[in-house]
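As you go down the protein sequences, you meet chains A and B in turn. FYI, in this note's numbering the residues of the first sequence are 95 to 723. FYI, in this note's numbering the residues of the second sequence are -15 to 319. Each residue gets a CB set at the ideal place from its N, CA and C atoms; glycine is no exception.
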Amino acid sequence: MKEFFSLGLVRGLVYQFFGALAGIGIISGIRALMGLETAGSFGFSEPAWVFGALLGAITFLFGSGVLDDWLKWAAGEETADHHDGSHLGWRRYFGPSLDHKVIGIQYLVTALFVMAVGGSLALVFRTELAASGLQFLTTTFQVFQQNGMQLYNTLMSLHGMLMIVSILLGIAALMNYAVPLLIGARDMAFPRLNAFSFWIAVPAAIILLSSLFLGGFDTGWTGYPPLSARAPLGMQMFFLGVSLAGFSSILGGLNILATVIRLRVPGMAPFRMPIFVWASVATSIISLTATQLIGLSFQMVMLQRLFGLGFFDPAKGGNPVLFQHLFWFYSHPAVYVFVLPGLGIISELLPVFVRKPLFGYRWVAMSSLGIALVGFLVWGHHMFTSGMAEYLRVPFMYSTLLVAVPTGVKFFSWVGTVWRGKISFPTPMLYVLAGIIVFLMGGLTGPPNATVATDLHLHDTYYIVGHFHDTMFGGYIFPFFAAIYFWFPKVTGRRMNETLGKIQFWLLTPSFLALTFSMMQVGLLGMRRRVADYDPALGFDLSHLVMTISGFLVAASALLFIINLIHSARKGEPAPGNIWDSRSPEWQVASPMPVENYEIPFEVVGEPYDYGMPGSKFVEFKRGRHESK
Amino acid sequence: MKHMLLIGILVAISTISIHTGLDSIGLLPPQASAQAIAIDELFEWHVWMISFLFSLIVVTLVYSLIAFRRRRGETGDGAHIEGHAGLEVLWTMAPLFVVVYLAFIGAQSLGETRRVDPSALEVDVIAGQWFWRFEYPGQGVVSTELVLPVDRQVYLRMESLDVIHSFWVPEFRVKQDIVPGQVTELRITPIMTGSYKVLCAELCGTSHAYMEAVVIVLDESDFADWLAGQSASVEDDPVARGRRLSEQNGCLACHSVDGSQKVGPTWTGLFGSQVRLADDSVALADENFIISSILDPDMQVVEGYTAGVMPSNYRDLFEESQLDDIVAYIISLGK
């Protein structure tokens, strides 16, 4: 029991609970003294709940122990440079660790957990949509002080944001684990900041989830005012949770950039970095510089609700469209944050299984930066119907279509890579190939949204829903699975079950394609997004039934993946060596990776992807020099 | 070279079959406005482009996977090809020209949908949670159905009373958000008589899914008849006025008048009944109760219903006499 309460996670949660209570108490006390109303929906006033949630998040950080080293430094004490937590066994995963590999796994498990919750919410409302009319989320249905239709809106909105948070955690997992290994660093540049970036996401996710129980919110993940300015209390929890999770992204991005700039091994010139590192750099530039804007826009609505500031309230001279500009200035580049690492994974793994160099390495590297930079100039395409100044629509159309150019370079280069290879198809390769095709579907269905006239029809329909699910699955989910199947042996010393992996693949891919194809088809024909019910006269019942069944099959494949993960971690076939025959440095040493990463340092002596060139090497381990040290 | 020829043939076959397949399943609703014609032309370009690019990449990829697969017992690596600068320049520049051209015809198409006809019929659109109301200025006509003449441009001036809504008739293609504090506009030229639906396309709260209204396109003479019929029928019966107000302000989207269950309590048999409230007290549904429930909906929430669902801006929308009309209508629905 004592051991249980010594876990950072458990202590953090206990601290968060009491911190939140204290925060609610403080504000309620102050309000009572000022003669203001202290009661409200869910017992206390909205300011009390918001302050309580914020204070709870801060006390979580103290309780978890992630601030300990900084507090000691502030008090003038010294701390160990690098905590070796390996004697803690599994318990090191439940408290702050400074090891980038442990943090990577912490991110991964949290990402999978959030993905499972967010995905389950989708199953609930997908079931509701299986036929027209209200099935069980009816107006008489009541739960968490919401009727069925309100709950539908909450579930749909929360699904969106939980999946986004899960993706951010998932790419943080991949970058945290892989980037230091790929560039030969012992750890990230700022290990404590790295731990902080992870641990702030935990209370943030809890606050975000609490919105479901505090009245929910009915705005979708975009939270547009004035609707969000009058939504239930859950709205504030959503805004606060996302704002806090934003710190994770910003600081994580900073850390990756510093690590890549400062900690590469000798000889690793920028154009000799593994391509995934380039993708991580491009992603981190965006998350470091754009995330602030979504936090800002959400906090402005929070303040509008708490203090009556009229930023977006037309009655006070505010402008609701301003919110959309601020929101999309992050949220469009954010989709490139989601997909660039995945596209990097595709480029990273493809040469290994094709046994050929990555075609046009420099062009692929630069295309990531190109996408990241152009991505900052296109946010207005989410607002073609919004009532923003009409003349802005044409320049945003041009800039948006330009994204197709660097994206095209990636596709053509992948095709160039497989050309005349010697291609084998283990599980990770299947996910890489499906990722390419699904992302291609997402990419090609984009231009009709970019040209304004066609977007006037498509905006806010199921076509958009199908389009972005294709980009998210092709750009993130498929490569994410590929990466886990690929690097799992590095983490555990065992490989994942190939048969289960292939069953999962053939379960996931066709059902997912059926899902998004049906979405786009009904969207074109007039199906609005974000509706709990649809007119049976539209004749969409069959398509929706197909989508619901496909949705459940996708969920079943995810379940199979988690089973495979747990099973293989315990009983998987041992795989201590370079099972993929990769040139990358992390595969030149035994798995699982030692705590201090490379016991013998290496230097880069060649190109990363020179498969097919006899005698060439990417890295060389300098045993002699190490021993003389 | 043999590979290239084969791929070229396969790409061509695949492009044409994908295009034919997409066309045959029917991708778009009927074309009922002049704007839809311009927009669908652009869609046609997109469908061709999607069919071609999808085929180009997927055919080449799948062909390679089959032709260059590792055969049983085969060892060693593939050909050492690092890249080809000429190809990279080609597949950077060619898409660049294509997208710039696409943006150019996209702008032309947009211009086509925004073409102004000075003799357009003006209609004011009022959107609120969760109803549509259409006013024909100068005619004194207010309607919950949007009735339009065929082959004449209509100029919609749209305002929202509360949150953001969006005007969309799929058969007309074009869509425009309606933003509080701002008048947005849309121009549509119906070209086909018939009955359609305007749908709210921007999530606007609990009953968003049901925020729709009927759109009827009539030929010129039928439209004139409709307009004349509407402006003649000024009601002097308070119950009839109350019913119209309830329809035009969205009350009936949530409150049924036939006893059925909707988002809010039914009005049938409401007047004079004993109502159990969420705080377990019981109230008599008299005139005062009904008026205060309209003006401050969250003060007395009926048991089984949720606070915060009903908009609380009716104080600004209704005059006192109008509230009396609505109460008269509710009284007429029986005790």
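**Prompt:** How would you label B/Asn272, buried or exposed, when you count the other beta carbons within 10 angstroms and need 16 or more for buried?
**Reply:** Looking up residue 272 of chain B in the second sequence gives position 288. By the 10 Å Cβ count, B/Asn272 comes out exposed.
**Reduced DSSP secondary structure (H/G/I, E/B, other) of A/Ala147** = The residue given as residue 147 of chain A occupies position 53 in the first sequence. Note: A/Ala147 maps to helix in three-state DSSP.
**Message:** I believe A/Leu469 touches A/Gly560 by the beta-carbon criterion, under 8 Å. Please report the beta-carbon distance rounded to the nearest angstrom.
**Reply:** Looking up residue 469 of chain A in the first sequence gives position 375. Looking up residue 560 of chain A in the first sequence gives position 466. It should be noted that the sequence gives Gly, not Leu, for residue 469 of chain A. 21 Å between Cβ atoms; not a contact.
**Message:** Taking the beta strand (DSSP E) that A/Gln598 belongs to, which residues open and close that run?
**Reply:** Counted from its first residue, the first sequence places residue 598 of chain A at position 504. A/Gln598 -> not in any beta strand (DSSP E); alpha helix (DSSP H) instead, spanning 592 to 619.
**Message:** Using only the alpha-carbon positions, how far apart do A/Ser122 and A/Ala147 sit?
**Reply:** By one-based count along the first sequence, residue 122 of chain A stands at place 28. By one-based count along the first sequence, residue 147 of chain A stands at place 53. C-alpha separation (whole angstroms): 14 Å.
**Asked** Got a sec, what are the start and stop residues for the alpha helix (DSSP H) B/Glu28 sits in?
**Response** On the second sequence, residue 28 of chain B is found 44 positions in, with the first residue counted as 1. From DSSP, the alpha helix (DSSP H) with B/Glu28 extends over 18 to 51.
**Asked** Any Cβ of chain A within less than 8 Å of the Cβ of B/Gly5?
**Response** Within the second sequence, residue 5 of chain B is the residue found at index 21, counting from 1. It does not; no Cβ of chain A falls within 8 Å.
**Request:** Take the Cβ of A/Trp164 as the centre, count every other Cβ of all protein chains shown within 10 Å, and call the residue buried at 16 or more, exposed below.
**Result:** As a working note, residue 164 of chain A is residue 70 in the first sequence. With fewer than 16 Cβ atoms within 10 Å of its Cβ, A/Trp164 is classed as exposed.
**Prompt:** What three-state label does DSSP hand B/Lys159 in the structure shown?
**Reply:** In the second sequence, counting from the first residue as 1, residue 159 of chain B sits at position 175. Three-state DSSP puts B/Lys159 in a strand.
**Item:** CA-to-CA distance, A/Asp554 to A/Arg623, given in whole angstroms
**Value:** Position 529 of the first sequence, counted from the first residue, corresponds to residue 623 of chain A. Position 460 of the first sequence, counted from the first residue, corresponds to residue 554 of chain A. In a straight line, the C-alpha of A/Arg623 is about 6 Å away from that of A/Asp554.
**Request:** Taking only the alpha-carbon atoms, compute the straight-line gap between B/Ile(-3) and B/Ser8 and give it to the nearest angstrom.
**Result:** On the second sequence, residue -3 of chain B is found 13 positions in, with the first residue counted as 1. On the second sequence, residue 8 of chain B is found 24 positions in, with the first residue counted as 1. Answer to the nearest angstrom: the Cα atoms are 16 Å apart.
**Presumed contact (8 Å Cβ cut-off) between A/Ala267 and A/Tyr201, rounded CB distance** = On the first sequence, position 173 is the one that residue 267 of chain A refers to. On the first sequence, position 107 is the one that residue 201 of chain A refers to. Indeed, because the Cβ distance is near 4 Å, the residues count as touching under 8 Å.
**Prompt:** So which residues on chain A does B/Trp75 lean against when the C-beta distance must stay under 7 Å?
**Reply:** For this step, residue 75 of chain B is matched to residue 91 along the second sequence. Correct list: Gly502, Val503, Phe506.
**Request:** Pull up the distance between the alpha-carbon of A/Trp508 and that of B/Trp152, whole angstroms please.
**Result:** Position 414 of the first sequence, counted from the start, is the residue given in the question as residue 508 of chain A. Position 168 of the second sequence, counted from the start, is the residue given in the question as residue 152 of chain B. Their backbone Cα atoms lie some 40 Å apart in a straight line.
**Message:** Using only CA atoms, which one of A/Gly157, A/Val296, A/Leu524 lies nearest to A/Arg105?
**Reply:** As a first step, residue 105 of chain A must be located in the first sequence, where it is residue number 11. Residue A/Gly157 is the option with its Cα nearest to A/Arg105.
**Request:** Could you run through the stretch 248 to 260 of chain B and flag, in chain order, every residue whose CB is less than 9 Å away from some CB of chain A?
**Result:** Gly248
**Asked** Which residues in chain B sit within 8 Å of A/Asn241, going by Cβ to Cβ distance?
**Response** Taking the first sequence and counting its residues from 1, the one referred to as residue 241 of chain A is at position 147. Under the 8 Å cutoff, chain B gives Thr190, Val247, Tyr289, Thr290, Val293.
**Prompt:** Checking contacts by CB at 8 Å: is A/Asn247 closer than that to chain C?
**Reply:** Absent here is chain C; the protein component of the structure consists of chains A and B.
**Message:** In the DSSP output, what is B/Lys181 paired with across the bridge?
**Reply:** Here residue 181 of chain B is taken as the residue at index 197 of the second sequence, counted from 1. Its beta-bridge partners are B/Val198.
**Asked** Just by C-beta distance, which residues in the stretch 522 to 547 of chain A are closer than 9 Å to chain B?
**Response** Leu527, Ile530, Ile531, Leu534, Met535, Gly537, Leu538, Thr539, Pro541, Pro542, Ala544, Thr545, Val546, Ala547
**Asked** Between A/Ile597, A/Leu607, A/His638, which lies nearest to A/Asn658 when the distance is taken from Cα to Cα?
**Response** Taking the first sequence and counting its residues from 1, one reaches residue 658 of chain A at position 564. Among A/Ile597, A/Leu607, A/His638, the Cα nearest to that of A/Asn658 is on A/Ile597.
**Request:** Pull up the distance between the alpha-carbon of A/Lys723 and that of A/Asn591, whole angstroms please.
**Result:** As a first step, residue 723 of chain A must be located in the first sequence, where it is residue number 629. As a first step, residue 591 of chain A must be located in the first sequence, where it is residue number 497. Reliability fails at A/Lys723, whose pLDDT of 37 lies under 50, so the model's placement of it is uncertain and no value is given.
**Asked** Does the distance from the C-beta atom of A/Leu192 to that of A/Arg286 stay below 8 Å?
**Response** Within the first sequence, residue 192 of chain A is the residue found at index 98, counting from 1. Within the first sequence, residue 286 of chain A is the residue found at index 192, counting from 1. Yes. Within cutoff.
**Prompt:** What residue does the beta strand (DSSP E) around B/His149 start on, and which one ends it?
**Reply:** As a first step, residue 149 of chain B is located in the second sequence; it is residue number 165 there, counting from the start. Residues 149 to 152.
**B/Ser205 burial status per 10 Å Cβ neighbour count (16 or more: buried)** = As a first step, residue 205 of chain B must be located in the second sequence, where it is residue number 221. It counts as exposed.
**Asked** Going along the chain, which residues of its own chain have a beta-carbon closer than 6 Å to the beta-carbon of A/Gly454, five neighbours each way excluded?
**Response** One-based indexing of the first sequence puts residue 454 of chain A at position 360. Excluding residues within five positions, the ones whose Cβ falls inside 6 Å are Ser507.
**Residue-level contact to chain B via CB, A/Trp315, 8 Å cutoff** = For the purposes of this step, residue 315 of chain A is taken as the residue at position 221 of the first sequence. Output row for A/Trp315: interface = no.
**Collapsed DSSP secondary structure at A/Gly645 in the structure displayed** = Walking along the first sequence from the start, residue 645 of chain A turns up at place 551. Three-state DSSP puts A/Gly645 in a helix.
**Request:** Answer yes or no: the CB of B/Glu204 versus the heavy atoms of the ligand ADP, is any distance below 7 Å?
**Result:** Although the ligand ADP was asked about, the structure shown includes no ligands whatsoever.
**Asked** Cβ atoms of A/Ala283 and A/Thr353: under 8 Å apart, would you say?
**Response** Walking along the first sequence from the start, residue 353 of chain A turns up at place 259. Walking along the first sequence from the start, residue 283 of chain A turns up at place 189. Yes; because the gap between Cβ atoms is below 8 Å, this pair is in contact.
**Request:** Could you check the C-alpha separation between A/Lys166 and A/Arg356 for me, to the nearest Å?
**Result:** For the purposes of this step, residue 166 of chain A is taken as residue 72 along the first sequence, with counting starting at 1. For the purposes of this step, residue 356 of chain A is taken as residue 262 along the first sequence, with counting starting at 1. So the alpha carbons of these two residues sit roughly 26 Å apart.
**Message:** So the candidates are A/Arg677, A/Asp704, A/Trp457, A/Ile369; which of them puts its Cα closest to the Cα of A/Phe715?
**Reply:** Position 621 of the first sequence, counted from the start, is the residue given in the question as residue 715 of chain A. Nearest of A/Arg677, A/Asp704, A/Trp457, A/Ile369 to A/Phe715, Cα basis: A/Arg677.
**Message:** Strictly below 7 Å CB to CB, what residues from chain A border B/Thr44?
**Reply:** Here residue 44 of chain B corresponds to residue number 60 of the second sequence, with the count starting at 1. Neighbours of B/Thr44 on chain A, chain order: Val509.
**chain A residues whose Cβ lies nearer than 8 Å to that of B/Thr168** = In the second sequence, the residue the question calls residue 168 of chain B occupies position 184. In chain order: Gly481.
**Prompt:** Any contact of the stretch 490 to 505 of chain A with the stretch 14 to 34 of chain B, i.e. 3+ C-beta pairs under 8 Å?
**Reply:** no
**Item:** Check whether B/Tyr194 and B/Trp114 have beta carbons under 8 Å apart
**Value:** Within the second sequence, the letter at position 210 stands for residue 194 of chain B. Within the second sequence, the letter at position 130 stands for residue 114 of chain B. Their beta carbons are under 8 Å apart, which means B/Tyr194 touches B/Trp114 by this criterion.
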